[in-house]
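Under our numbering, the first residue of the sequence shown is numbered 56, with each subsequent residue one higher.
So the structure is just underneath, and the comments pick up after that.
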Amino acid sequence: MIGRIKGLGSYLPSKILTNQDLEKMVETSDEWIVERTGIRERHISDPNTETVSEMAIKASRAAIEDAGIDPLEIDFIVVASTTNNMVFPTTACLVQGAIGADNAQCFDMSSACPGFLTAFNVAQNFITAGQCKTALVIGSECLSNYLDWTDRGTCILFGDAAGAMILQADEETDDFHKCIMKADGKRYGCLKCESKMQRISEEDIKEKSRFYMEGREVFKFAATEVPKVILELCEKYSIDLNDIDKLVLHQANKRIIEAVSKRLSVPMDKFPMNIERTGNTSAASIPVLLTELKDAGELKRGEKLILSSFGAGLTWGAAYIEY
Ligand code: UT7
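Put into structure tokens, the structure is as follows:
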């Protein structure tokens, strides 16, 4: 048994922050940002109305409409986020209450940028184990709340968004989910943000609870490990990389995607991108990109996809799915 993608939906905040806007905030230039990252603009949430849970609810409603299902059919909701607006209850419970998915068990997961991929793998394994039949898998992030807006090395990279996917069990097949996930906790210090909860003074919060990234290290890690894990996935499950229609990668930096394309000898036209308009939306990036492809008519039923992501932890992985 395996889950099939029944529906996709996304939500992007209405406020757009352009590279020109950033030029007024930190010492940077549109030219530098475009050349080094491929990003031109990103969406920034309104902290009052566009929280992680509100965006997750909007993306979920769109995915439910796309799937054409009744919310009562959903029996599992999992939300991937590192920027939840509530400490508790879980965002998954807030989504459940808002959309009326009364039959769903709910929990949140945190795995930074690969959060959606991890949640997707968990949902697939719940389906295979017979724990659920219709899963709602969400990635929603408001990283703008955690960025240091004086650090030009990080604040130019990220945007806010939510993406959602409805997965439904295909009971007719003995096919199974194919994925590989990895972690290297020894390198946790490359990309981190300490919780504000344990800080005792404002100064302490400023000093330690800021978004910290060693950009070059993370770049090298992604450009090396992502192609390796994709090749490992193909070898483990006898997938011919030449048969893959699209490689849907975490949208962190256009140059990382170009490096992966080169190392795999797979042409760039098989790597869809929306980073130019969204920036890095962390756990939301893969479902937002999939939704945009579907809406543009660029994702066809039966297409063979590899999803791959990487980020803080360090964590990374890849999964295979037919749309
Ligand atoms: O979801 C996963 C999370 N993160 C990532 O995937 C990030 C991976 N890393 C990257 O995308 C890149 O490393 C960055 C885009 C963050 C930086 O690009 P880079 O080519 O690695 O630049 P760099 O850090 O090596 O910096 C080169 C220069 C430095 O100046 P000096 O020392 O050569 O004088 C930086 O101070 O560029 C400077 N710089 C900037 N200049 C203008 C750094 N940020 C900026 C900026 N505008 N925004």
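By construction, the Cβ of each residue, glycine as well, lies at the ideal position given by its N, Cα and C atoms.
Endpoints, beta strand (DSSP E) assigned at residue i
i: E96; result: E96 to H98
i: R207; result: Premise fails: R207 lies in the alpha helix (DSSP H), R207 to C210, not in any beta strand (DSSP E).
i: Q12; result: Here the chain has residues from 56 to 378 only, and residue 12 is not among them.
i: D225; result: A216 to D225
Cβ neighbour criterion (16 or more within 10 Å) applied to residue i
i: L319; result: buried
i: V273; result: buried
i: W204; result: exposed
i: K70; result: exposed
i: S368; result: For the record, residue 368 in the displayed sequence is Gly; it is not Ser. The residue is buried, with at least 16 neighbouring Cβ atoms inside 10 Å.
i: M110; result: buried
i: T92; result: buried
i: R97; result: buried
i: A224; result: buried
i: F75; result: For the sequence presented, residue 75 should be read as Gln rather than Phe. By the neighbour-count rule (16 or more Cβ atoms within 10 Å), Q75 is not buried but exposed.
i: D259; result: exposed
i: P102; result: exposed
i: G240; result: exposed
i: N297; result: exposed
i: E347; result: buried
i: Y66; result: buried
i: L362; result: buried
i: P126; result: buried
Residue i and residue j closer than 8 angstroms at C-beta
i: T189; j: S337; result: no
i: I221; j: I99; result: no
i: F171; j: G152; result: no
i: A373; j: V303; result: no
i: F365; j: E313; result: no
i: Y292; j: Y375; result: yes
i: I112; j: K61; result: no
i: I311; j: A339; result: no
i: K237; j: W371; result: yes
i: D130; j: C187; result: yes
i: T173; j: F231; result: no
i: L288; j: I235; result: yes
i: S108; j: N158; result: no
i: P342; j: A219; result: yes
Any non-hydrogen atom of the ligand UT7 within 7 angstroms of residue i CB
i: S337; result: yes
i: R91; result: yes
i: W87; result: yes
i: G270; result: yes
i: F365; result: yes
i: R265; result: no
i: V273; result: yes
i: N74; result: no
i: N308; result: yes
i: T146; result: no
i: L304; result: no
i: I119; result: no
i: G214; result: no
i: R207; result: yes
i: C248; result: no
i: C168; result: yes
i: T173; result: no
i: A219; result: no
Segment limits, alpha helix (DSSP H) that includes residue i
i: V303; result: It is not in any alpha helix (DSSP H) - V303 instead sits in the beta strand (DSSP E) that spans K301 to L304.
i: R271; result: G270 to K291
i: C148; result: T146 to I154
i: S65; result: From DSSP, S65 is part of no alpha helix (DSSP H) but of the beta strand (DSSP E) over I57 to Y66.
i: I341; result: S340 to D350
Beta-carbon contacts of residue i that lie in its chain and below 7 angstroms, excluding the five residues immediately before and after
i: A147; result: I132, V133, V134, C161, F162 and D163
i: T209; result: L202, D203, F266 and M268
i: M80; result: W204
i: V315; result: A278, V281, P282 and L304
Close-in-space but distant-in-sequence residues of the same chain around residue i (CB under 8 angstroms, 5 per side omitted)
i: R116; result: G64 and I154
i: E358; result: D300, K301, E377 and Y378
i: S165; result: A135, S136 and T137
i: S84; result: N74 and E78
Proximal residues to residue i (C-beta, below 6 angstroms), its chain only, five neighbours per side dropped
i: A122; result: K61, G62 and I221
Near the ligand HEM: residue i beta-carbon under 7 angstroms from a heavy atom
i: T279; result: The model depicted lacks the ligand HEM and carries the ligand UT7 instead.
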